[in-house]
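There are 2 protein chains.
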Amino acid sequence: MATIRDVAQLSGVSVSTVSRVLNKSGYVNQETELKVNQAIKTLQYEPSAVARGLASKRSRTIALILSNMTNPFFPELARAVEEVARTFGYTVFFGSSDDQADREQAYIEIFRQRYVDGIIFSSHTFGMEEALRMNSSHIPYIVLDRAPSEELCSVVRSNNRAGARLAVQHLLDRGCSKIAHIYGPQEIQTAQERLRGYEDTVKHLSWYSPSLQVPGNFLLDGGMTAAEQLIERHPDVDGIFVGNDLMAVGALKALLRMGIKVPEQVAICGFDGIQLTEATEPEITTVAQPIYELGALATKLLIQKINGEAVENSLYELEVTLIPRASTRKDLKQ
Amino acid sequence: MATIRDVAQLSGVSVSTVSRVLNKSGYVNQETELKVNQAIKTLQYEPSAVARGLASKRSRTIALILSNMTNPFFPELARAVEEVARTFGYTVFFGSSDDQADREQAYIEIFRQRYVDGIIFSSHTFGMEEALRMNSSHIPYIVLDRAPSEELCSVVRSNNRAGARLAVQHLLDRGCSKIAHIYGPQEIQTAQERLRGYEDTVKHLSWYSPSLQVPGNFLLDGGMTAAEQLIERHPDVDGIFVGNDLMAVGALKALLRMGIKVPEQVAICGFDGIQLTEATEPEITTVAQPIYELGALATKLLIQKINGEAVENSLYELEVTLIPRASTRKDLKQ
DNA sequence: AAGAGTTATGGTACCGCTACCACAATGTAT
DNA sequence: ATACATTGTGGTAGCGGTACCATAACTCTT
């Protein structure tokens, strides 16, 4: 492996000059630059990112810490982060915390030792204390989806409450006259917001009753159990807004098993916009989060912070879109 | 941030001694060690992984290059790699090539500049040339799932051919009397192997005809199209072995839309063992790859190579298991 | 008692860059 | 003519570790 000194020697200049060419910083004569680039090519010189990191204190890496990779919208998110990072010359470390605070903490430490320039958190464990600790560590970071506090840090997420309203309104428009909601764990803020959005729209309607709200765990089986429970409790329900897509798929599965026709008897609307909703028969109507955009925005904001461009701590809330599909297509089939 | 010199000063020893304590190498008196550890704690000293990397030429990082994160068994794989790497003290970089050779090449370069200790490839683009180039670069690496050449490098994958035989035999056992196969892109070796496994079992059977083999793209829509094509061509087919789970889900969807009952009229068996097969109604029988084990084994082998423990280049083929589910449950419903 | 091995510690030259300062040769406004 | 930017280049001290060598005290052979 050739070093910067080899390049300097071969091109007959000093290491300073080579460094300037490498970083396009300071003054360099065009001819000199040419000579240097020539030498770089003949020596197949590749600058050592490690040495650079040590000397400059910035590694041009960012880290992505997520709760769990089985989270089905992680791939899209990771893709966005990776792509944006790459175009800005950053490489991505990743770690999963499996929602264990100590694991998350351990990763933060590891990443600090590696001089990562910034961190994106997408993990339920990230709360106030973590935010405070991160703030004192001086490593720029962005929190995705989960929001500890808008004042302490920058948060990127989608407008869950408005999305929930969208979903419920859609079900109403499709003629549903008794709409239930399967909600996610209330420790998770997004689940809370979605529940509120549901309440916003239905609480003043004549048929509304709190017993139309059934808890679920944001997983497939939770959706199934909740749907069964719900049908037992309210056999006349004709629309369900499910708190996330995974549970929506579960609910659909449970309904089909019970011999209930979707959408003819019960319409279903999910939330997230993951691919899975297209895999079922019927396909499931969902409120799609702009997952890629969330990841891309988070990464861009992070890089801005890294570059010292003042990015005030605030909430960046992206809009969601309803994707109507067969699971709510009452108008087609009678 | 405290440095090793600060620790040395506070504990009244030389940096060499601190380094020895840090790395548990060489002789250190117990009392000295205690003093040093004390100083480390009071200073909240964290060794710089970057400086270590520069001085020692090993970064304790490995990289995972994959074709595409939307590949549904990537999460499980990544989880395995991350977990095993973590327990051995390694941190994971990741990059996706989207099956573009130049992107893959670019990543290899980036990772070399970052002194990664080893690379795991799980990308279709990785062929003979890449293997040769990697061999001359002296960076240890493992190829997952795709196999350029068993002699040139270490390959970890599952026994696709045997798995295919398992699937077809299962369909036969369930009473299917005309079994088709939807196969994946033949550039991909695993798709080839699975097709061969199918042929192994059926080619000598009376009903067999090459037109029972229908091409697909390994994606959901490809499975749908292929299933439609197949039913048109052979309306009397009563079993389909689909080359991967994604296409199996697509095939199921298409059959249900055509009003064909699964498994009553047509049984379906997929391949891969991804979660998605549990999301459908009916759930899909599949040949499960030991995805976690594949990732874990690859990582362990890689770390062995990094440590210089002679690992001969060879093929590590893991066994697959059939998971019988409702989509082939002929015996239950008539 | 000399030589060799074990235990314990210190000194320091790197690793391959960047960042800062010094210096010189120009142009150019006063 | 003087002062002062602008352009171009070189020298070198770090960055924070590791790895090798030197040194010394002590124990054990022979």
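Protein chains in written order, with the working numbering: chain A, 1 to 334; chain B, 1001 to 1334. Glycine included, every Cβ here is placed at the ideal spot set by N, Cα and C.
Residues of chain A with CB closer than 7 Å to the CB of B/ALA1054, please, in chain order.
Along the second sequence, one-based indexing puts residue 1054 of chain B at 54. The sequence shown places Leu at residue 1054 of chain B, not Ala. Going along chain A in sequence order, the residues near B/LEU1054 (Cβ under 7 Å) are VAL50, ALA51 and LEU54.
Would you mind telling me which residues of chain B sit closer than 7 Å to A/GLY95, beta carbon to beta carbon, in chain order?
Mapped onto the first sequence, residue 95 of chain A falls at position 95. Here the neighbours are GLU1082.
Rounded straight-line distance, which links the Cα of A/ARG112 to that of A/LYS41:
By one-based count along the first sequence, residue 41 of chain A stands at place 41. By one-based count along the first sequence, residue 112 of chain A stands at place 112. So the two alpha carbons sit approximately 34 Å from each other.
Three-state secondary structure (DSSP) of B/ILE1337:
Look at the range of chain B in this structure, 1001 to 1334, and you will see that residue 1337 of chain B is not part of it.
With a cut-off of 8 Å, does the C-beta of A/ASP99 fall near any C-beta of chain B?
Within the first sequence, the letter at position 99 stands for residue 99 of chain A. By this cut-off, A/ASP99 is not an interface position.
Spatial neighbours of A/GLU228 within its chain, please: CB distance less than 6 Å, with the 5 preceding and 5 following residues excluded, ordered by chain position.
Against the first sequence, residue 228 of chain A aligns to sequence position 228. ALA254, listed in sequence order.
Chain B within 8 Å of A/LEU220, Cβ atoms only:
Translated into positions along the first sequence, residue 220 of chain A becomes position 220. At a cut-off of 8 Å between beta carbons, A/LEU220 contacts chain B.
Assign B/ARG1058 to one of three DSSP states: helix, strand, or coil.
Position 58 of the second sequence, counting from 1, holds the residue named residue 1058 of chain B. In the structure shown, B/ARG1058 sits in coil (DSSP, three-state: anything other than H, G, I, E or B).
Rounded to the nearest angstrom, what separates B/PHE1218 and A/ALA49 at their Cα positions?
As a position in the second sequence, residue 1218 of chain B is number 218, starting the count at 1. As a position in the first sequence, residue 49 of chain A is number 49, starting the count at 1. Approximately 38 Å, taken between the alpha carbons.
Within 8 Å (strictly less), CB to CB, does A/LEU276 reach chain B?
Locating residue 276 of chain A in the first sequence gives position 276, where the first residue counts as 1. By this cut-off, A/LEU276 is an interface position.
Cross-chain neighbours of B/MET1069 in chain A, by beta carbon under 7 Å
Here residue 1069 of chain B refers to the residue found at position 69 of the second sequence. The answer, in chain order, is PRO75, ALA78 and ARG79.
Contained beta strand (DSSP E) runs [length at least 3] in the segment 254-291 of chain A, N- to C-terminal order:
267-272 and 285-288
In chain order, what residues of the same chain lie with their CB nearer than 6 Å to the CB of B/GLU1319, ignoring the 5 residues before and after it?
Translated into positions along the second sequence, residue 1319 of chain B becomes position 319. Around B/GLU1319: ASN1159.
Interface residues of chain A facing B/LEU1256 [CB-CB closer than 7 Å]:
Locating residue 1256 of chain B in the second sequence gives position 256, counting from the first residue. GLU281, listed in chain order.
So that I know if they touch, is there some Cβ in chain B lying closer than 8 Å to that of A/GLU104?
Reading the first sequence from its first residue, position 104 is the one you call residue 104 of chain A. For A/GLU104, the answer is no, since every Cβ of chain B falls outside 8 Å of its Cβ.
Pick helix, strand or coil for B/PHE1074, following the three-state DSSP scheme.
The residue given as residue 1074 of chain B occupies position 74 in the second sequence. The DSSP-derived three-state label of B/PHE1074 is helix.
If I follow the unbroken alpha helix (DSSP H) through A/ILE40, where does it start and stop?
Residue 40 of chain A sits at position 40 when you count from the first residue of the first sequence. Run containing A/ILE40: 30-43, per the alpha helix (DSSP H) assignment.
Considering A/PHE88, what are the terminal residues of the alpha helix (DSSP H) in which it resides?
For the purposes of this step, residue 88 of chain A is taken as residue 88 along the first sequence, with counting starting at 1. No residue range can be given for A/PHE88, since it is assigned to no alpha helix (DSSP H) and is classified by DSSP as neither H nor E.
Please report the straight-line C-alpha distance between A/SER154 and A/ASN307, rounded to a whole angstrom.
Working through the first sequence from its first residue, we reach residue 154 of chain A at position 154. Working through the first sequence from its first residue, we reach residue 307 of chain A at position 307. Approximately 15 Å between the Cα atoms of the pair.
Closest residue to B/ASN1023 among B/ILE1231, B/PRO1047 and B/VAL1287 (Cα-Cα distance)
Here residue 1023 of chain B refers to the residue found at position 23 of the second sequence. Relative to the Cα of B/ASN1023, the nearest Cα in the group B/ILE1231, B/PRO1047 and B/VAL1287 belongs to B/PRO1047.
For B/ARG1165 and B/ALA1251, the rounded distance between their alpha carbons:
For this step, residue 1251 of chain B is matched to residue 251 along the second sequence. For this step, residue 1165 of chain B is matched to residue 165 along the second sequence. The alpha-carbon atoms of B/ALA1251 and B/ARG1165 are separated by roughly 20 Å.
Where the segment 1144-1166 of chain B meets chain A: residues whose CB sits under 9 Å from a CB there
none
Proximity test, Cβ basis, 8 Å: B/GLN1113 and chain A
Taking the second sequence and counting its residues from 1, one reaches residue 1113 of chain B at position 113. Chain A contact via Cβ: present.
Suppose you measure from the CA of B/LEU1054 to the CA of A/THR61; what does that come to, to the nearest Å?
Numbered from its first residue, the second sequence carries residue 1054 of chain B at position 54. Numbered from its first residue, the first sequence carries residue 61 of chain A at position 61. If you take the alpha carbons of B/LEU1054 and A/THR61, they lie about 16 Å apart.
If you measure from the beta carbon of A/LYS333 to each beta carbon in chain B, is any gap under 8 Å?
As a working note, residue 333 of chain A is residue 333 in the first sequence. Note that A/LYS333 scores a pLDDT of 41, beneath 50, so its modelled location is shaky; the value from the coordinates is reported in the next line. No - not a single Cβ of chain B is within 8 Å of the one on A/LYS333.
Strictly below 7 Å CB to CB, what residues from chain B border A/THR91?
Here residue 91 of chain A refers to the residue found at position 91 of the first sequence. Per Cβ cutoff of 7 Å: PHE1093, ILE1110 and ARG1114.
With distances taken from CA atoms, which of B/THR1003, B/GLU1151 and B/GLY1239 is nearest B/VAL1311?
Locating residue 1311 of chain B in the second sequence gives position 311, counting from the first residue. Comparing Cα positions, the closest option is B/GLU1151.
Are the Cβ atoms of B/GLY1243 and B/ALA1296 separated by less than 8 Å?
In the second sequence, the residue the question calls residue 1243 of chain B occupies position 243. In the second sequence, the residue the question calls residue 1296 of chain B occupies position 296. Against a cut-off of 8 Å, the Cβ pair of B/ALA1296 and B/GLY1243 comes out as no contact.
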